[in-house]
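Novice: Attaching a single structure in structure tokens format; questions to follow.
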Amino acid sequence: MKNNNTLKSIVFDSKTMTPTTNNIPPQGYKMTELGPLPEEWEVTRLGEVAEVNYGKA
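Per full-length UniProt numbering, the very first residue in the sequence shown carries number 1; after that it's consecutive.
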């Protein structure tokens, strides 16, 4: 059973109404400036992983 401190830190996400914890990512995730991401992912600029073409529809 979780202790009271853990239970108090659980809140609901206002958009999805799913339970979440205050800036504590789920197991297997890390917290980044973008939010929680899988541990094996890296935050990088789009231009570093793909060619960006401007002016095309």
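No residue lacks a Cβ here, since even glycine has one placed at the ideal position from N, Cα and C. Bear in mind that the values here come from a model prediction, so they are computed numbers and not experimental data.
Grab the span of the beta strand (DSSP E) containing G35 for me, first residue to last.
Specialist: It spans G35 to P38 - the beta strand (DSSP E) in which G35 sits, taken as one unbroken run.
Novice: By the DSSP assignment, the beta strand (DSSP E) with T44 in it spans what residues?
Specialist: Segment: none, T44 is in no beta strand (DSSP E) and carries neither H nor E.
Novice: Consult DSSP for N5 and reduce its assignment to one of helix, strand or coil.
Specialist: Unreliable positioning characterises N5 in this predicted model, as indicated by a pLDDT of 49, which lies under 50. A coordinate reading is not provided.
Novice: Leaving aside the five residues before and after L34 along the sequence, list all residues of the same chain whose C-beta is less than 7 Å from its C-beta, in chain order.
Specialist: The residues are V43.
Novice: In terms of residue numbering, what span does the beta strand (DSSP E) encompassing Y54 cover?
Specialist: Per DSSP, Y54 belongs to no beta strand (DSSP E) and is neither H nor E.
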